[in-house]
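**Student:** Questions regarding the structure given below will be posed in turn.
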C-alpha cells in the first residue's frame, strides 16, 4: 500500500476537499493497559 494508492482510492469515493493531502503509515498505535488507543499520544508521536 502506498500513499498514492490511498489518495487515488479516496479520490474515487470522496469529494475533492476530503481527500487527504498527506498519509502517514505507522506500525503500531500506542495503547493503554486495557487496550484502548491513546489518540493524543499517537498524534504527538507522528507530527514532527
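Numbering (the working numbering), first residue to last: 2 to 49. Every residue, glycine too, gets a C-beta built ideally from N, C-alpha and C.
(1) With C-beta atoms as the reference, is residue 4 less than 8 Å away from residue 20?
(2) Considering only DSSP beta bridges, list what residue 38 is partnered with.
(3) If you run the structure through DSSP and keep just helix, strand and coil, what is residue 4?
(4) Is it the case that the CB of residue 32 approaches a heavy atom of the ligand COA more closely than 7 Å?
**Tutor:** In brief:
(1) Translated into positions along the chain shown, residue 4 becomes position 3. Translated into positions along the chain shown, residue 20 becomes position 19. Not a contact, by the Cβ cut-off of 8 Å.
(2) Locating residue 38 in the chain shown gives position 37, counting from the first residue. For residue 38, which the question treats as bridged, DSSP gives the partners 32.
(3) Here residue 4 corresponds to residue number 3 of the chain shown, with the count starting at 1. Residue 4 falls in the helix class under three-state DSSP.
(4) What this structure holds is no ligand at all, so the ligand COA is not there to describe.
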